[in-house]
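Here is the structure we will look at, set down as structure tokens.
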Amino acid sequence: MLPAGDDPIRPAAPTPLAITLDGERLEGVAGQSIAGVILASGRLGFRRTSAAGRPRGIFCGIGVCFDCLVEVDGARDVRACQRRAVDGNVVITQHDALPVPPSSERGGRDD
Amino acid sequence: MANDVIVVGAGIIGAACARALALAGVAVTVVDRGTTASGTSAACEGNLLVSDKGPGHELQLAQYASSLWDGTVARLREELGQGFPSLEFDRKGGLVVATTAAGAGPLLDFAALQRGAGVEARVLDAADAKELEPDLTDAFHAAVFYPEDAQVQPAIATDALMASAQQHGARLLENTAVTGGIRDSSGALVGVQTPHGPLRASRVLIAAGPWSGEVAELLGVALPVRPRRGELLVTSRMPHRIFHKVYDGDYVGAVGSDAGELQTSSVVESTAAGTVLIGSSRQQKGFDSRLEVEVLGQLAAKALRLFPFLAGAQVMRSYGGFRPFMPDHLPLIGEDPRLPGLWHATGHEGAGIGLSLATAELVRDLMLGTPTRIDASPFQSSRASLLPHLTGVAA
Amino acid sequence: MTEVLIIGAGPAGLAAARAARRRGASVVVLDSSDQLGGQYWRHLPAERPSAREHTLHHHFRRFQALSRELEQDAGCRVLRNAQVWAIEQGGGPGASAGPGAVHVLLGEPDGTHRERLVFRPDRIVLATGAHDRTLPFPGWDLPGVVTGGAAQALAKGERIVVGDRVVVAGAGPFLLPVAAALAKTGSGVVGVFEASGTPTLARGWLPQPWQLVSAGGKAFELAGYVAGQLRHRIPYSTGRAVIAAHGTDRVEAVTIAGIDADWVPIPGTKRRIAADAVCVSHGFTPRLELAIAAGCALGPERFVTVDDGQQTTVAGVHAAGEITGIGGVDLALAEGEIAGHVAAGGTVADPAVAGAVRRRRVFARFARRIEAAHGIGSGWPAVLEADTIVCRCEEVTYGRLCSIADSTASRSLRALKLSTRAGLGICQGRICGRSIEELLQARTGGLGDGSSTDRRPIAAPIRLGELAAGITAHPATDHLTDTAKGTQ
């Protein structure tokens, strides 16, 4: 994130806040989205996909792709790019494994 | 090509009948105004149930069908190969739960009757029920487990049956609507008119689900099949916490009733994709598929009575379809005595997916004159309970 | 007094609100964000005011004046954090005499105990806008690959850049403002790679240049971007595309290739460039689900069909902005003004909207030329490999999509969605839908069931508990505006 002093549009000095992501403390400023706080900390991927366990983070940035889902203060499936960070938010990354298929079905898929 | 049978409707009933007939060496052509599985078969839940049926002819048909599913799924996998998508067939069992004290007695009585008819219906105590479903509400008054209940992905199953039918020689004509019938000089039905020309056959089988009445009318007879709308909710993917089909005990009452106004009864289950499927409603409102928030709200509220933890689940989509409803609550299978050459396989209400395989074998046996495994006469259109609802043949 | 409900507070919605108020209607404006302005005027939050913010935007002062006017107008209620999740059609079983019942969740996005409201207005104006259309390519699912809209939202809304060495690629004039926003936020933009080749661009931009002049501000706007491009020394290449992104857990490099007029990569033109972020946008997809839910017909180009007065095929429902055709801010403002005016009882012939009618004509013509210059080439699938993800939510690969289409021989889009899972994830086909449809059309030889991926009766996710709770608040309740702002 552009430090306020270097920013050519000179926004007012920000009010700091802190959240935790999987227990780790991240600092941000009031007005940032949770995705913005995470991105500013240098993390690009903060969810793992269900089938292949691949990392995802922000993709569309405007709330239509649902890639950036996180759990916030116990609520799952929150779009990090749409939710403003609040000081003290407990954020957990999501990775929902698929149900194990019944034994008669195993080996039937080709991926 | 000389057809023995034209099947009108490429949903699961039409596909299953086409396959059974083709396997028996019958020359079959399937026609559909849309594509395979473009109607109710792709807009439903995929229930293969015995739990919701009391002793009677429909239960018999369901037990017959249940005996066929495992073998058919295995045979389809052999025929179609590993590249074909999984039918997601899962004999996961169904847990019926009475959420009110008043509902406990009737549920247990019903289960006893079902056991008398050969259904495995195990009464569970609270601890056993919670072991099967740890996240089930604590507030239930009786629980019965039906290990025979199963789930299948209905659109994929329809595609699979149709692909198999074609492998065995059935012909499929999609986007081909039936516009009328073809009669011979004796007035028997010997084919159908379509925008692409006439199709002739010894027999025409209507398997058009809730649209069977429209097709029948085009062919000159009236059929009292009516659409009965059902809606379902689908949640986003979540960790797997629901392991069987779980129903509120009032599901049984909704199926058997005639009332046209909204009824909802909860059925909740997980899918192979990790979502949770929540049903189901019943309404008679023609073919009106417009959204009603009140219906969705009732589905949600009743689901939460079974699984309170679902309050935080995100509903990401809803969908619905039209069940083919018969006024006397039995499917219509067999020749139409009013019009030689006309046959029916329709009217399965909410049980068509499961009953498809047995329906197909009955149709095959009746057409070929071979002995049927169960008595098919209860399903004929000449049954007494249906007569008040039938009118005569149009000229 | 006519009650007009406006869904979407971007340029079209805000213009509609002002016009409806000037005609004397009582107006409610809903937006799912906690800010007004839509995507076009995505700006810094209230907690970080900036006196020089207008330098990041176009018409920003106009936007500020417009939103101030509406917020201070007692006859206009603005509800932020208001997510429309369903519309029941008028005259339908939900029993509404007017054009429909609009169901709203009020509260923080993806909240768990939001208020539920329902509005039954006399008139509805749909101004739901659009989102980026980004075509799949190998590696597009790597973190660090984002849409142009994401780059803008982060740069303008949070002063964050997605990376320090950014590649901007895709098609359309939107790539220029994306690069500009990145540059003004301190990012190093490696280059802008436009898919359309120079001849195609020339055909779109050069003929009848007087049209560009009459589009007035548009020419200046573009000139500004081009000047900015030059000032920041950002190379702009045409006939080029990102055909792959590379990296382990995030993007580290891209492969750029020359492409022909159909967007098929030209052999021997590949070049690998290091990059830590890639912004890709191939145009825009209109957000149609609410229009479809309300019963509005779509035209053959899959936009909402509207008449001269911006009325849809549903009486009492109007539409304006990107959902009637991708046309940019000036067209959206003109359409919005006409929609609001007519919704509030005016006619398109009234002198009050003569200027808007003229501007609509000019900017609609302009928009058609953009499409002619930057439309998606039919050969775009040539870059796909068997393991390229085509449905991000459900991780469906191109190979799997094709093999299931082949093995089932299905020609039903609905059945193929169910058998492949493409389009059935939580984004409900917003990102992949149009692409999946095109790929399946090609693979099956033609889909025959008439369904589309634009239809979403549940327009935004709703918690099961919220759905079960029923309606919890009445639209007339005074404190709702505070609830919406989060000051409750």
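Residue numbers (the working numbering), protein chains in the order written: chain A, 32 to 142; chain H, 65 to 459; chain P, 669 to 1156. Glycine included, each C-beta is placed from N, C-alpha and C at the ideal position.
Considering Cα atoms alone, identify which of Ile-306(H), Gly-244(H), His-304(H) is closest to Val-279(H).
Here residue 279(H) refers to the residue found at position 215 when the second sequence is read from its first residue. By alpha-carbon distance to Val-279(H), the top candidate from Ile-306(H), Gly-244(H), His-304(H) is Gly-244(H).
Assign Ile-991(P) to one of three DSSP states: helix, strand, or coil.
Position 323 of the third sequence holds residue 991(P). Ile-991(P): helix per DSSP, three-state reduction.
In the DSSP output, which residue or residues are listed as bridge partners for Lys-309(H)?
On the second sequence, position 245 is the one that residue 309(H) refers to. Looking at the DSSP assignment, Lys-309(H) forms a beta bridge with Gly-158(H).
Does the region 1116-1128 of chain P come within contact of the region 1080-1087 of chain P, defined as at least 3 CB pairs closer than 8 angstroms?
yes
Do Ala-229(H) and Leu-144(H) count as a contact pair if the criterion is CB distance below 8 angstroms?
On the second sequence, position 80 is the one that residue 144(H) refers to. On the second sequence, position 165 is the one that residue 229(H) refers to. Cβ atoms of Leu-144(H) and Ala-229(H): not closer than 8 angstroms.
Under 8 angstroms between beta-carbons, which chain H residues line up against Asp-127(A)? List them in chain order, please.
Here residue 127(A) corresponds to residue number 96 of the first sequence, with the count starting at 1. Chain H residues near Asp-127(A): Arg-301, Met-302, Pro-303, Gly-338.
Do Gly-993(P) and Ala-1035(P) have their C-beta atoms closer together than 8 angstroms?
Within the third sequence, the letter at position 325 stands for residue 993(P). Within the third sequence, the letter at position 367 stands for residue 1035(P). Yes. Within cutoff.
With DSSP run on the structure shown, which of helix, strand or coil describes Lys-852(P)?
Here residue 852(P) refers to the residue found at position 184 of the third sequence. If DSSP states are grouped into helix, strand and coil, Lys-852(P) belongs with coil.
Tell me the rounded alpha-carbon separation between Val-858(P) and Val-813(P).
As a position in the third sequence, residue 858(P) is number 190, starting the count at 1. As a position in the third sequence, residue 813(P) is number 145, starting the count at 1. Taking the straight line from one Cα to the other gives about 14 angstroms.
Using a 10 Å radius around the Cβ and a threshold of 16 neighbouring Cβ atoms, would you call Asp-1183(P) buried or exposed?
In the structure as shown, chain P starts at 669 and stops at 1156, and residue 1183(P) therefore has no counterpart that could be examined.
Are any of the Cβ atoms in chain A nearer than 8 angstroms to that of Asp-223(H)?
To locate residue 223(H), count along the second sequence from 1; it is residue 159. Chain A has no Cβ within less than 8 angstroms of the Cβ of Asp-223(H).
Among residues of its own chain, excluding the 5 on either side of Trp-753(P), which ones have a beta-carbon nearer than 6 angstroms to its beta-carbon?
What you label residue 753(P) is simply residue 85 of the third sequence in a count that begins at 1. Answer for Trp-753(P): His-771, Leu-773, Ala-1127, Ala-1128, Ile-1130, listed in chain order.
I need the straight-line Cα distance from Gly-433(H) to Ala-101(H), nearest angstrom please.
To locate residue 433(H), count along the second sequence from 1; it is residue 369. To locate residue 101(H), count along the second sequence from 1; it is residue 37. If I take the Cα positions, the gap works out to 29 angstroms.
Take Gly-338(H) and list the residues in its own chain whose beta-carbon comes closer than 6 angstroms to its own, dropping the five residues that flank it on each side.
Taking the first residue of the second sequence as position 1, residue 338(H) is located at position 274. Arg-301, listed in sequence order.
Could you give the DSSP three-state label for Ser-905(P): helix, strand or coil?
In the third sequence, residue 905(P) corresponds to position 237, counting from 1. Ser-905(P): strand per DSSP, three-state reduction.
Can you give me the start and stop residues for the beta strand (DSSP E) that Trp-133(H) sits inside?
To locate residue 133(H), count along the second sequence from 1; it is residue 69. Not the beta strand (DSSP E): Trp-133(H) falls in the alpha helix (DSSP H), residues 121-144.
Tell me, please, whether the region 366-379 of chain H touches the region 194-203 of chain H by the rule of three or more beta-carbon pairs shorter than 8 angstroms.
yes
Thinking C-alpha only, which one of Val-846(P), Leu-734(P), Gly-1097(P), Val-1064(P) is nearest Leu-704(P)?
By one-based count along the third sequence, residue 704(P) stands at place 36. With respect to the C-alpha of Leu-704(P), the residue from Val-846(P), Leu-734(P), Gly-1097(P), Val-1064(P) having the closest C-alpha is Leu-734(P).
Let me check understanding here. Comparing Cα to Cα, which of Val-1021(P), Glu-1105(P), Arg-1029(P), Ala-1136(P) lies closest to Arg-691(P)?
Working through the third sequence from its first residue, we reach residue 691(P) at position 23. The residue with the shortest Cα to Cα distance from Arg-691(P) is Val-1021(P).
Run the CB neighbour count on Pro-1019(P), radius 10 Å, all protein chains shown included, and call it buried at 16 or more, exposed below.
Numbered from 1 along the third sequence, position 351 holds the residue referred to as residue 1019(P). With fewer than 16 other Cβ atoms within 10 Å, it is exposed.
With 16 as the cutoff for other CB atoms within 10 Å, does Gln-63(A) come out buried or exposed?
In the first sequence, the residue the question calls residue 63(A) occupies position 32. By the neighbour-count rule (16 or more Cβ atoms within 10 Å), Gln-63(A) is buried.
Beta carbons nearer than 9 angstroms to chain A: which residues of the region 364-390 of chain H have them?
Gly-376, Ala-377, Gln-378, Met-380
For Cys-1059(P), which three-state DSSP category applies?
For the purposes of this step, residue 1059(P) is taken as residue 391 along the third sequence, with counting starting at 1. Three-state result, Cys-1059(P): strand.
Can you have a look at Phe-351(H) and say buried or exposed, based on whether 16 or more other CB atoms are within 10 angstroms of its CB?
Translated into positions along the second sequence, residue 351(H) becomes position 287. Exposed, because fewer than 16 other Cβ atoms sit within 10 Å of the Cβ of Phe-351(H).
Ignore the nearest five residues each way along the sequence and tell me which others in Ala-1000(P)'s own chain have a CB closer than 6 angstroms to its CB.
Here residue 1000(P) refers to the residue found at position 332 when the third sequence is read from its first residue. The answer, listed in chain order, is Pro-679, Ala-680, Gly-989.
Rounded to whole angstroms, how far is the Cβ of Arg-85(A) from the Cβ of Gln-125(A), which I believe are closer than 8 angstroms?
Counting from 1 along the first sequence, the entry for residue 85(A) is found at position 54. Counting from 1 along the first sequence, the entry for residue 125(A) is found at position 94. Their Cβ separation, rounded to whole angstroms, is 13 angstroms, which puts Arg-85(A) and Gln-125(A) out of contact at 8 angstroms.
Of all the alpha helix (DSSP H) runs that stay within the bounds of the region 145-223 of chain H, which reach a length of 4 or more residues?
165-180, 190-196
So who's on the other strand from His-771(P), going by DSSP bridges?
Locating residue 771(P) in the third sequence gives position 103, counting from the first residue. For His-771(P), which the question treats as bridged, DSSP gives the partners Ala-754(P), Val-786(P).
Taking a contact to mean a Cβ-Cβ separation below 8 angstroms, would you say Tyr-383(H) touches Ala-107(H) in this structure?
Against the second sequence, residue 383(H) aligns to sequence position 319. Against the second sequence, residue 107(H) aligns to sequence position 43. Cβ atoms of Tyr-383(H) and Ala-107(H): closer than 8 angstroms.
To the nearest angstrom, how far is the alpha carbon of Ser-131(H) from that of Gly-915(P)?
The residue you call residue 131(H) lines up with position 67 of the second sequence. The residue you call residue 915(P) lines up with position 247 of the third sequence. Cα-Cα distance, rounded: 51 angstroms.
Using the Cα positions of Leu-1107(P) and Trp-1048(P), report the straight-line distance between them to the nearest angstrom.
Counted from its first residue, the third sequence places residue 1107(P) at position 439. Counted from its first residue, the third sequence places residue 1048(P) at position 380. Roughly 10 angstroms separates the two Cα atoms.
Just to confirm my understanding: we take Phe-148(H), look at its own chain, exclude 5 residues before and 5 after, and list those with CB closer than 6 angstroms. What are they?
Sequence index remark: in the second sequence, residue 148(H) carries index 84 (1-based). Nothing listed; no residue qualifies.
Report the neighbours of Thr-46(A) on chain P: residues whose CB is nearer than 8 angstroms to its CB, in chain order.
Position 15 of the first sequence, counted from the start, is the residue given in the question as residue 46(A). The contacting residues are Glu-715.
If you draw a straight line from the C-alpha of Arg-1028(P) to the C-alpha of Glu-1003(P), how long is it?
Within the third sequence, residue 1028(P) is the residue found at index 360, counting from 1. Within the third sequence, residue 1003(P) is the residue found at index 335, counting from 1. C-alpha separation (whole angstroms): 6 angstroms.
Measure from the alpha carbon of His-121(H) to the alpha carbon of each residue in Ser-445(H), Pro-452(H), Asp-439(H), then state which is nearest.
Taking the first residue of the second sequence as 1, we reach residue 121(H) at position 57. Comparing Cα-Cα distances from His-121(H) to each of Ser-445(H), Pro-452(H), Asp-439(H), the minimum goes to Asp-439(H).
With H, G and I counted as helix, E and B as strand and the rest as coil, what does DSSP make of Thr-436(H)?
In the second sequence, residue 436(H) corresponds to position 372, counting from 1. Looking at Thr-436(H) - three-state DSSP - the assignment turns out to be coil, as it is neither helix nor strand.
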